[in-house]
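Visitor:
Residue numbers (the working numbering): 1017 to 1865.
Right under this line is the structure:
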């Protein structure tokens, strides 16, 4: 550790923090007292801990006999270390370190930060809240800010008596003090890491607590928004009980508060007992929200509650193991949501949804610039860059793959044993593998190391000859690299059809090529039975035809992977786009929402590279693919429909209105978009959302102005986000420039600025002009957008695949340093892959169309 300037010495260890903080919301400052019980294990010349953006007032060390030594304090800004020295060395023993300090309530959505918002009565309000993961607790109090320095935290807040304040533990007492303030003391936490400490102060109010097996659960929200809490309260109660039962371990805290704040860098944060959420991830009106919006609320609640055990009770030793926290919480969120709403088919949605789920991870991991799920981390910037699609999406997908291979109960037993063995402690990845090895009797660690400790994933080529299945594996890449000879231990489930029926055979493929003799003639085989394997499957043409002929015996997820894998092979040049479009016609009668969502998404991706002169022909082809199903569903929901049916209707309408640019669909959409704006409860949420985005794709100046007004006056977080998405979806470069200016001027909240810019970059018409603005104003963007969200801007770059624009992007970033070099490298490689796809397919698509 001596070679890493960002790791602390281990001779001094904290055991308990007594924290007292007094924020001043008007001046955006705070004062603090930190009394920390420490053990000095060996003689040292200085005590070294973390601090950043703090001014130390006084420092002293109190011995067990009450003797006090004054300390000198020196803060080293580059390493964010606080060095404390005295007039001689420190001897071993138990001591109390006493510090007073001052800090700032920053506007960067990290540490102890300040946020302003307009309340339901139109008044501007200010709050102070926290976000400490990964390494920002040090901005609120001096501490040993590494996950394995676990300690107990006792928090006291001094706040104006008209404001609400909450922290990790239950409120124990409140006493008035000078200046119309109140001193609030909270119960001790369990032993936990610094990044899980939290406190929030502002004009909030709490629901009445719901008792969940003796644990009080509340939702804390800005005053005036309590009517948006019942849905989340019900989901929280269900998930808390379900997760406790799954783990077989009681919830480790004394209460659970869900806290909705107006500005938050992430979806939510798993602080023990004080889980902080972005408003869109917690506050929801079921009458005006669609399936995707409601599902996100349940997902995020389940994810954060899963962390109470997997992450909070048992914590990774250092940040290279963050996947242990996030991947498992993502995995458990799917299981909990599926348990609460089986009708939503959550695991199929997991396969199709972009971003941090399986689909996004398969995209990133198909790049040579990908990284292993677990790799060495040194600096805070490297730790923050770990929170990506690989940590969440690939990590949870390979856990699901292994769970389905081992069996759900075996996997659950291993997880429970792991948690009980390491409760209140820190672990490394091999500790989880050891528990699963013991529970299953299989070499889980040997298998999983090939998925966690090396980048990428395999392509499995499959052929059949009489009784034998022939398999070969190679790394799947969007840009081929013949020198890459990586192999994996692949836990495969083969669904095989023979004269005696259809059976599933489990194997672990370890060699580059293998054969499996079934013992009787093989009619067809699905090499990813169930669709849970994190790999691509490439079938011989005759085998693919057999599978299409037997759609009726394939599960929805198997049909999904068949189509998704085919599109992946188009992206890397192993198949032509025309072959994908031909295969797509076999799905014309498909009834599952997730498959249609994926199909429409891939059709949209292809449309980005279609030359302008072929665009009308391509749109006509899309119309032929979608029109029949869209007409079957129409515009009006039926009483006997499921949530998935309603969501599918919205996707089909968007496909017709946006991708096919069908004039009749656009004409039907505009009045419905107006209906959504005027009275959101009067229209089905998925229909209203589709109508809004269809209208945005063909927006007039009047439409744009109406969207802006709706965004600024929306009464729910979901509607506000929906209207903002419409605002930044318009084609006109001049209006896009206006919205970009708003991200720098504060009219778009800083938590949204990065994704708004990324979304505008993906627009076929206005994206290039937004890139030119971004390039010109890069210094202002870096200064204005919160550092923790800035890399989200890069998500929009791969869409700019015209060669001359792509070359300009490459040249700019070749001369521009960024804090997220891995993320940028991945997006630039994906951009190059898209340029190659455009170049390769332009003539082919012309012939096909």
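Where is the CB? At the ideal position from N, CA and C, for every residue including glycine.
Can you tell me whether residue 1241 is helix, strand or coil according to DSSP?
Guide: Correct three-state label for residue 1241: coil.
Visitor: Give every residue of the same chain whose Cβ lies closer than 7 angstroms to the Cβ of residue 1245, excluding the five residues on either side of it in the sequence, and list them in chain order.
Guide: Counting only Cβ-Cβ distances below 7 angstroms, and skipping sequence neighbours, we find 1223, 1235, 1237 and 1299.
Visitor: For the beta strand (DSSP E) containing residue 1275, name the first residue and the last one.
Guide: Residue 1275 -> beta strand (DSSP E) spans 1272 to 1277.
Visitor: Can the beta-carbon of residue 1534 be found closer than 7 angstroms to that of residue 1512?
Guide: Yes, the pair counts as a contact, with Cβ atoms nearer than the cut-off.
Visitor: Taking 7 angstroms as the CB-CB cut-off, is residue 1440 touching chain B?
Guide: This model lacks chain B altogether, as it is built from one protein chain only.
Visitor: Once the 5 residues before and after residue 1419 are set aside, which same chain residues still bring their CB inside 6 angstroms of it?
Guide: Excluding sequence neighbours, residue 1419 sits near 1427.
Visitor: Do you know whose CA, among 1116, 1199 and 1214, lies nearest residue 1953's CA?
Guide: Given a span of 1017 to 1865 for the chain in the structure shown, any question on residue 1953 remains unanswerable.
Visitor: Taking Cβ to Cβ, would you say residue 1390 is nearer than 7 angstroms to residue 1339?
Guide: Cβ atoms of residue 1390 and residue 1339: closer than 7 angstroms.
Visitor: Helix, strand or coil for residue 1138 per DSSP?
Guide: Three-state result, residue 1138: coil.
Visitor: Which same chain residues, not among the five before or five after residue 1034, have their C-beta less than 6 angstroms away from its C-beta?
Guide: If we look at residue 1034 and ignore the five residues flanking it on each side, its Cβ neighbours are 1051 and 1170.
Visitor: Are there three or more Cβ pairs, one per stretch, closer than 8 angstroms when the stretch 1541 to 1549 is compared with the stretch 1559 to 1573?
Guide: With a cut-off of 8 angstroms, the stretch 1559 to 1573 and the stretch 1541 to 1549 count as touching, because enough Cβ pairs lie within range.
Visitor: Could I get the ranges of all uninterrupted beta strand (DSSP E) runs contained in the stretch 1450 to 1503, with 3 residues as the minimum, in chain order?
Guide: Complete beta strand (DSSP E) runs here, min 3: 1474 to 1481 and 1484 to 1491.
Visitor: What are the partner residues of residue 1132, as DSSP defines its beta bridges?
Guide: Bridge partners of residue 1132: 1142.
Visitor: Fully enclosed by the stretch 1751 to 1817, which alpha helix (DSSP H) runs are 4 residues long or longer?
Guide: 1766 to 1777, 1783 to 1792 and 1794 to 1800, all fully within the stretch 1751 to 1817.
Visitor: By how many angstroms is the C-alpha of residue 1162 removed from the C-alpha of residue 1649?
Guide: Residue 1649 and residue 1162: Cα-Cα distance of roughly 54 angstroms.
Visitor: Tell me the rounded alpha-carbon separation between residue 1599 and residue 1579.
Guide: Straight-line Cα distance between these residues: approximately 7 angstroms.
Visitor: Roughly how many whole angstroms lie between the Cα atoms of residue 1601 and residue 1831?
Guide: Distance between the alpha carbons of residue 1601 and residue 1831: 46 angstroms.
Visitor: Quick one: Cα of residue 1625 to Cα of residue 1714, how far?
Guide: Their backbone Cα atoms lie some 20 angstroms apart in a straight line.
Visitor: Note down the Cα distance separating residue 1331 from residue 1315, rounded to an integer number of angstroms.
Guide: Cα to Cα, residue 1331 sits roughly 21 angstroms from residue 1315.
Visitor: Roughly how far, in whole angstroms, is the beta-carbon of residue 1550 from the beta-carbon of residue 1382, given that I think they are within contact range, below 8 angstroms?
Guide: Wrong, their Cβ atoms sit about 11 angstroms apart, outside the cutoff.
Visitor: Please confirm whether residue 1262 and residue 1346 have their CB atoms less than 7 angstroms apart.
Guide: Not in contact: residue 1262 and residue 1346 (Cβ atoms no closer than 7 angstroms).
Visitor: Less than 8 angstroms between the CB atoms is what I'm expecting for residue 1128 and residue 1119, so what's the real figure, rounded?
Guide: Confirmed, about 6 angstroms.
Visitor: Consult DSSP for residue 1663 and reduce its assignment to one of helix, strand or coil.
Guide: Residue 1663: helix per DSSP, three-state reduction.
Visitor: In chain order, what residues of the same chain lie with their CB nearer than 7 angstroms to the CB of residue 1826, ignoring the 5 residues before and after it?
Guide: Hits under 7 angstroms: 1844.
Visitor: Near residue 1807, which residues of its chain fall below 8 angstroms by C-beta distance, leaving aside the five closest residues on each side in sequence?
Guide: Same-chain partners within the cutoff: 1401, 1770, 1834, 1835, 1836, 1839 and 1840.
Visitor: State the Cα-Cα distance for the pair residue 1633 and residue 1623, rounded to the nearest angstrom.
Guide: Near 11 angstroms, if we compare the C-alpha coordinates of residue 1623 and residue 1633.
Visitor: With 16 other CB atoms within 10 Å as the buried threshold, where does residue 1782 fall?
Guide: Residue 1782 should be labelled buried.
Visitor: Along the chain, which unbroken stretches of the alpha helix (DSSP H) at least 4 residues long are found entirely within the stretch 1618 to 1672?
Guide: Fully enclosed alpha helix (DSSP H) runs of 4 or longer: 1631 to 1649 and 1659 to 1670.
Visitor: For residue 1510, which beta-bridge partners are listed by DSSP?
Guide: 1521, per the DSSP bridge assignment.
Visitor: Whole angstroms is fine: what's the gap from residue 1212's alpha carbon to residue 1291's?
Guide: Going by the C-alpha atoms only, they are around 9 angstroms apart.
Visitor: Give every residue of the same chain whose Cβ lies closer than 7 angstroms to the Cβ of residue 1547, excluding the five residues on either side of it in the sequence, and list them in chain order.
Guide: Within the same chain, residue 1547 has close Cβ partners 1367, 1571, 1573, 1574, 1576 and 1577.
Visitor: How many angstroms separate the CA atom of residue 1199 from the CA atom of residue 1847?
Guide: Their backbone Cα atoms lie some 54 angstroms apart in a straight line.
Visitor: Is the beta carbon of residue 1471 sitting closer than 7 angstroms to the one on residue 1392?
Guide: Contact flag unset, no.
Visitor: Can we say the stretch 1475 to 1491 touches the stretch 1437 to 1452, given the rule of at least three CB pairs closer than 8 angstroms?
Guide: Result no; under three Cβ-Cβ pairs closer than 8 angstroms.
Visitor: Which class does residue 1165 belong to by DSSP, given the choice of helix, strand or coil?
Guide: Residue 1165 falls in the coil class under three-state DSSP.
Visitor: Considering only their Cβ atoms, is the gap separating residue 1167 from residue 1031 smaller than 7 angstroms?
Guide: Going by C-beta atoms, residue 1031 is nearer than 7 angstroms to residue 1167.
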